[in-house]
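J.: 0 is the number of the first residue of the sequence shown in numbering that gives the first Met the number 0; add one for each residue after it.
Note that the Cβ used here is the ideal one computed from N, Cα and C, for glycine as well.
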Amino acid sequence: MTVEILQPGTGDVPGDHYLPSTPETVLWGRLPCGTDAAVLTISAGETVTVDTVSHEGILEDQGKDPLAYFGGRGVEAASVLSDAVQLAATLARDPAADGPHIVTGPVFVAGAEPGDLLKITVERLVPRVPYGVISNRHGKGALVGVLPRSEGSVSVFTPVERRESGLVGVLPLTHGGQRIVEFPLAPFLGTMGVAVAGGERPHSVPPGSHGGNIDIKLLVEGTVLYLPVQVPGALAYVGDPHFAQGDGEVALTALEASLRATLRFDVVPRAEALAEFGDVAGPLVQTSEFLVPTGLDPDLNVAMRKCVHAAIELISARWGMDEHLAYAYLSAATDFDISQVVDIVCGIHARIREADFAAVTREGGAA
């Protein structure tokens, strides 16, 4: 076995709090809203270890029976997650109206108020199983009407193996073939968000200003996601765990598989947020190298323009750069990447290299 099987509550649980995925702590296909009760309350600065559950292997077109689905692909019963089995047996959703994702939360973060930013630091991401699934379904993906060519959905079971370089996903070159292709794992959570105001739970697929299913593969260990708080306590949630994804996620899903995630939740007060980043209208990622504003829209071209606007706002607020110069800088030095094109609302993210501004003295004397 290349990966330890992390059944609920077993193994290392490093967070200040532990949040399992149970029928009482998850939503299936919907995201929390302002009228939902928190399943956990924490103080700002505390960490939470969350056992996330992938939807792949429990969906209706896969039989809604993880033991049978994964067992039919050679996985022993003891290596199938018990929380996935419980959720599939207990919960129901309307596939025509709801999304596919298992979403864990919401978490009430004391002190978070509308106008603030919720800062989610990804401290640790550990695979819970040594396998995942990549799926293509009719009416979904980048090649709608072309793939899949068969009548049913195509779900590709993908084992994980260990190499000297680390964990890799393994795919055959042809159906039933012996030759294989390998690709490195880079785990991240596809869904990280805050509750929207009001009493209507959003569909789990399209991302928005609340975050949600943003599918930004940069959100690996050590990175940060900032989200504009919309309700008191933020009511944060996570889900849609990935082992790996290419920008675009063209087939509909990437390598979907359950992760144990340890996250730290902090609150950035509005005045500080404005000084640091300007008026953040949607998800903002920070890595060790880049600040990453986003643009979201059903039209990929509009999403691109929104991302450019967000990037100019960020550079102007953080470093005091004139708008026309920020625009020129972005054209010369910043990559704009497609996050995904398969979630109804398309995503673009920009990678602004902070080292380029190392010599700039920010207001108040900070470099």
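Roughly how many whole angstroms lie between the Cα atoms of THR293 and VAL340?
T.: Along the sequence shown, read from residue 1 onward, the residue named residue 293 stands at position 294. Along the sequence shown, read from residue 1 onward, the residue named residue 340 stands at position 341. Answer to the nearest angstrom: the Cα atoms are 14 Å apart.
J.: Report the three-state DSSP secondary structure of ILE57 (helix, strand or coil).
T.: Position 58 of the sequence shown, counted from the first residue, corresponds to residue 57. Coil, per DSSP.
J.: Which value, in whole angstroms, describes the spacing of the CA atoms of GLY363 and ALA325?
T.: Counting from one through the sequence shown, the residue named residue 363 turns up at place 364. Counting from one through the sequence shown, the residue named residue 325 turns up at place 326. The pLDDT assigned to GLY363 is 46, lower than 50, so where the model puts this residue is not dependable; a value taken from the coordinates is nonetheless given after this. So the two alpha carbons sit approximately 21 Å from each other.
J.: Hey, would you say GLN229 sits closer than 8 Å to VAL204, going by beta carbons?
T.: Residue numbering aside, residue 229 sits at position 230 when the sequence shown is read from its first letter. Residue numbering aside, residue 204 sits at position 205 when the sequence shown is read from its first letter. In this structure, VAL204 does not lie closer than 8 Å to GLN229 by Cβ.
J.: Would HIS323 be called buried (16 or more neighbouring beta carbons within 10 Å of its own) or exposed?
T.: On the sequence shown, residue 323 is found 324 positions in, with the first residue counted as 1. So HIS323 counts as exposed.
J.: Where does the unbroken alpha helix (DSSP H) through GLN85 begin, and where does it stop?
T.: Along the sequence shown, one-based indexing puts residue 85 at 86. Run containing GLN85: 81 to 89, per the alpha helix (DSSP H) assignment.
J.: PRO240 by DSSP, collapsed to three states: which one?
T.: By one-based count along the sequence shown, residue 240 stands at place 241. PRO240: strand per DSSP, three-state reduction.
J.: Note down, in chain order, each residue of its chain lying with its Cβ closer than 7 Å to the Cβ of ASP355, except the 5 sequence neighbours on either side.
T.: Position 356 of the sequence shown, counting from 1, holds the residue named residue 355. Excluding residues within five positions, the ones whose Cβ falls inside 7 Å are ALA332.
J.: Straight-line CA distance for PRO201 to GLU163?
T.: What you label residue 201 is simply residue 202 of the sequence shown in a count that begins at 1. What you label residue 163 is simply residue 164 of the sequence shown in a count that begins at 1. Rounded to whole angstroms, PRO201 to GLU163 spans 43 Å at the Cα level.
J.: Out of VAL223, VAL145, ALA87, GLU248, state which residue places its alpha-carbon closest to the alpha-carbon of PHE289.
T.: Sequence index remark: in the sequence shown, residue 289 carries index 290 (1-based). When only C-alpha atoms are compared, the closest one is VAL223.
J.: Helix, strand or coil for GLU322, going by three-state DSSP, please let me know.
T.: As a working note, residue 322 is residue 323 in the sequence shown. Assignment of GLU322 by DSSP, reduced to helix, strand and coil, places it in the helix class.
J.: Return helix, strand or coil for GLU3, following the three-state DSSP convention.
T.: Position 4 of the sequence shown, counted from the first residue, corresponds to residue 3. Note: GLU3 maps to coil in three-state DSSP.
J.: With DSSP run on the structure shown, which of helix, strand or coil describes PRO65?
T.: For the purposes of this step, residue 65 is taken as residue 66 along the sequence shown, with counting starting at 1. Looking at PRO65 - three-state DSSP - the assignment turns out to be helix.
J.: Within the continuous beta strand (DSSP E) that includes PHE264, where are the two ends?
T.: Position 265 of the sequence shown, counted from the start, is the residue given in the question as residue 264. Unbroken beta strand (DSSP E) run through PHE264: 258 to 267.
J.: For VAL84, which residues in the same chain have their Cβ closer than 7 Å to its Cβ, ignoring the five residues on either side in sequence?
T.: As a first step, residue 84 is located in the sequence shown; it is residue number 85 there, counting from the start. Closer than 7 Å at the Cβ level, and outside the excluded window around VAL84, lie PRO65, LEU66.
J.: Let me make sure I understand the geometry here. Which of LEU80, PRO183, ASN212, VAL2 has the alpha-carbon closest to that of PRO99?
T.: Position 100 of the sequence shown, counted from the start, is the residue given in the question as residue 99. Comparing Cα positions, the closest option is ASN212.
J.: Can you have a look at THR267 and say buried or exposed, based on whether 16 or more other CB atoms are within 10 angstroms of its CB?
T.: Here residue 267 refers to the residue found at position 268 of the sequence shown. For the sequence presented, residue 267 should be read as Val rather than Thr. Flag for VAL267 reads buried.
J.: Shortest alpha-carbon distance to ILE119 belongs to which of PRO206, GLY8, THR190?
T.: Counted from its first residue, the sequence shown places residue 119 at position 120. Nearest option by C-alpha distance: THR190.
J.: Note down, in chain order, each residue of its chain lying with its Cβ closer than 7 Å to the Cβ of PRO105, except the 5 sequence neighbours on either side.
T.: Start at 1 with the first residue of the sequence shown, and residue 105 comes out as number 106. For PRO105, where only same-chain residues beyond five positions count, the Cβ hits under 7 Å are PRO31, ASP35, ALA37, VAL38, ALA194, LEU234, ALA235, TYR236.
J.: Name, in chain order, the residues that DSSP records as bridge partners for ALA316.
T.: Translated into positions along the sequence shown, residue 316 becomes position 317. Answer is none; ALA316 lacks a bridge partner.
J.: Could you pull the DSSP bridge partners for ARG123 from this structure?
T.: Residue numbering aside, residue 123 sits at position 124 when the sequence shown is read from its first letter. DSSP, once it has assigned bridges, lists THR261 as partnering ARG123.
J.: Once DSSP output is grouped into helix, strand and coil, what is the label at LYS118?
T.: Reading the sequence shown from its first residue, position 119 is the one you call residue 118. Per DSSP, reduced to three states, the secondary structure at LYS118 is strand.
J.: Give the secondary structure of GLU444 by DSSP, where H, G and I count as helix, E and B as strand, and everything else as coil.
T.: Within the shown structure, residues of the chain are numbered from 0 to 366, placing residue 444 beyond reach of any answer.
J.: For ASP115, is the classification buried or exposed, using 16 other Cβ atoms within 10 angstroms of its Cβ as the cut-off for buried?
T.: By one-based count along the sequence shown, residue 115 stands at place 116. Looking at its Cβ environment, which holds 16 or more other Cβ atoms inside 10 Å, ASP115 is buried.
J.: Which runs of the beta strand (DSSP E) spanning at least 3 residues fall entirely within the segment 6 to 34, listed in chain order?
T.: The beta strand (DSSP E) runs lying completely inside the segment 6 to 34 and spanning 3 residues or more are 16 to 18, 25 to 27, given in chain order.
J.: By Cβ distance, which residues of its chain are closer than 7 Å to VAL180, with the 5 residues on each side in sequence left out?
T.: As a working note, residue 180 is residue 181 in the sequence shown. If we look at VAL180 and ignore the five residues flanking it on each side, its Cβ neighbours are LEU170, LEU172.
J.: In angstroms with no decimal places, state the Cα-to-Cα distance between GLN244 and LYS216.
T.: Residue numbering aside, residue 244 sits at position 245 when the sequence shown is read from its first letter. Residue numbering aside, residue 216 sits at position 217 when the sequence shown is read from its first letter. Their backbone Cα atoms lie some 6 Å apart in a straight line.
J.: Give me whichever residues DSSP pairs with TYR130 in a beta bridge.
T.: In the sequence shown, the residue the question calls residue 130 occupies position 131. PRO158, per the DSSP bridge assignment.
J.: Let me confirm a value: GLN177 is counted as buried when at least 16 other C-beta atoms fall within 10 Å, else exposed. Which label applies?
T.: Reading the sequence shown from its first residue, position 178 is the one you call residue 177. Exposed: under 16 other Cβ atoms inside 10 Å.
J.: Helix or strand or just coil, what does DSSP make of ARG200?
T.: Position 201 of the sequence shown holds residue 200. Look at ARG200 here: in three-state DSSP terms it is coil, with no helix or strand label.
J.: Whole-angstrom Cβ separation of PRO227 and ALA260, contact assumed at under 8 Å?
T.: Within the sequence shown, residue 227 is the residue found at index 228, counting from 1. Within the sequence shown, residue 260 is the residue found at index 261, counting from 1. That belief does not hold up - the Cβ atoms of PRO227 and ALA260 are roughly 22 Å apart, past 8 Å.
J.: Taking buried to mean at least 16 other C-beta atoms within 10 Å of its own C-beta, is ARG92 buried or exposed?
T.: Against the sequence shown, residue 92 aligns to sequence position 93. Burial call: buried.
J.: Which of the three DSSP states is assigned to VAL307 in this structure?
T.: Start at 1 with the first residue of the sequence shown, and residue 307 comes out as number 308. Residue state, collapsed to three classes: helix.
J.: Do the segment 153 to 160 and the segment 269 to 277 touch if we need at least three Cβ pairs shorter than 8 Å?
T.: no
J.: Can you give me the Cβ contacts of TYR63 inside the same chain, cut-off strictly under 7 Å, excluding the 5 residues immediately before and after it?
T.: In the sequence shown, counting from the first residue as 1, residue 63 sits at position 64. In the sequence as presented, Tyr is not what sits at residue 63; that position holds Lys. If we look at LYS63 and ignore the five residues flanking it on each side, its Cβ neighbours are ILE57, ALA87.
J.: Among the candidates SER53, TYR130, PRO113, whose CA atom is the shortest distance from the CA of GLY70?
T.: Within the sequence shown, numbered from 1, the residue matching residue 70 stands at position 71. Among SER53, TYR130, PRO113, the Cα nearest to that of GLY70 is on TYR130.
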